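In the UniProt record's numbering, the protein residues as written are 1 to 452.
Put into structure tokens, the structure is as follows:
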């Protein structure tokens, strides 16, 4: 595939003559690749792997051009409608995220990636288009030059990607190191300033891991991070001889004990929101339970956590919610005020679990109205939805509309975007719920029999 680099910058791009047929061509290409028969020989399979990787890179470059064009068109449209500069493009990252089936945060990161390639790094863009550079390796170059001036970034782009031979055989780590080296040579003051700014981004995070584990991470300045690790390691070094735990286990347990102030890593206070049937709670049923934000857990583990939380040291608590038998949705609540009361917001968070916008997966940060309150939307569980901050802000922009389309079979919403896209969002059923498959006729017969 050959693409003139002049089309990289949207402002210089001319409309393609076959634009109306482009979706059909892309769909046909997708079908052709999907139906491709596998190779007959090892050599052929290897060649195909290389070609398919290059095609992936060319597709990534095409996505960059389309995204840059979308941003250009949106900006022109909003200027024509006299949208204030501070509000232009405020929901574009959410739209791009939906189109690429990722979160708005990743959509925003991708917009930055496309701006760099389309306007500041023509050689990297050419290498991506030709298949010389993968999308991930292009991302490394964009990331490692993001804090530099346009002139410095363009010079690093020239040094590293103007000659394809420079990239041949270079590993990801070597590519990153080379970009950093060029950055320091060209602008050492910017590198030092970047390090100082990075300290302001220190934070702690937690996310689910396989096998009912979690990954607790901390982004710290170098000195502090090394000190924390060295302290945990020193304690484990002194303990491992007289303990049946491994060195790594002692370090992990010591971290928990020091952070929580508990004498043992096992005795940690925990509030468990469990959504499950009474038979699961009181019997040995195998239906799953749920920890909001982390996902399903075996009911046996939930019962164990509850049982271990009966002493004063752990102070574990249990909240109980009930689900409607037919569809598994939680019971209804409402309020008359514009702001969602704490109990109702908690209920919606338990129902939705994560941001309701498809592909997002971020924790719920705000509870708001699907139909805005200013347009007559009620403050109820039906008209409420849990959202991350990015999507809750995005839906306030022109062209976004959230509509509740079903409640009897579970809470469902349609999300309409400014470009005409429609996405369905369904609240997950209660964990451990077994749908009631009784038909309407059977239900009426049972009611008559019970009344007899």
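Think of the CB as a built atom: it goes at the ideal place given N, C-alpha and C, for glycine as much as any other residue. Computed from a predicted model, the values in this text were never measured in an experiment.
Here residue 391 is not near residue 401, since their CB atoms are 8 Å or more apart. Here the alpha carbon of residue 357 sits roughly 36 Å from the alpha carbon of residue 222. Contiguous beta strand (DSSP E) elements confined to the region 148-224 occur at 203-209, 213-219, taking only those with 3 or more residues. Here residue 413 is bridged, per DSSP, to 404, 425. Residue 349: member of the alpha helix (DSSP H) spanning 342-352, first to last residue. Per the coordinates, the alpha-carbon of residue 40 lies some 28 Å from the alpha-carbon of residue 60. Assigned with DSSP and collapsed to three states, residue 339 falls in coil, not helix or strand. The DSSP-derived three-state label of residue 84 is coil.
Taken through DSSP and simplified to helix, strand or coil, residue 134 comes out as coil.
If you draw a 10 Å sphere on the C-beta of residue 35, you find fewer than 16 other C-beta atoms in it, and that means exposed. Spanning the alpha carbons of residue 72 and residue 173 requires a straight line of approximately 34 Å. In terms of Cβ geometry, residue 118 and residue 68 form a close pair [threshold 8 Å].
Comparing C-alpha distances from residue 214 to each of 427, 297, 151 shows the shortest one belongs to 297. Taken atom to atom, the span from the alpha-carbon of residue 224 to that of residue 429 is near 44 Å. Leaving aside the five residues that flank residue 205 on each side, the residues in its chain whose CB is nearer than 7 Å to its CB run, in chain order, 217. Boundaries for residue 253: no beta strand (DSSP E) harbours it, while the alpha helix (DSSP H) harbouring it runs 247-260, taken from the DSSP string. For the alpha helix (DSSP H) assignment, the uninterrupted runs of no fewer than 4 residues enclosed by the region 68-119 are, from N- to C-terminal side, 92-100, 104-119.
Residue 50 sits in a helix when the DSSP states are folded into three classes. For residue 243, no beta strand (DSSP E) run applies, since DSSP gives it neither H nor E. Contact between the region 344-363 and the region 93-113 is present: 3 or more CB-CB pairs across the two stretches fall below 8 Å. DSSP, read as helix, strand or coil, puts residue 366 in strand. Between residue 355 and residue 394, the C-beta gap is not smaller than 8 Å, which leaves the two residues out of contact. An exposed status is given to residue 244, since fewer than 16 other beta-carbon atoms sit within 10 Å of its beta-carbon. With a beta-carbon spacing of about 30 Å, residue 144 and residue 85 fall beyond the 8 Å limit used to define contacts. With fewer than 16 other beta carbons inside 10 angstroms of its own, residue 188 counts as exposed. Residue environment analysis places residue 80 among the exposed positions, since fewer than 16 neighbouring C-beta atoms fall within 10 angstroms of its C-beta. Cβ-Cβ distances below 6 Å link residue 207 to 215 in the same chain, with the five nearest sequence neighbours on each side left out; the list follows chain order.
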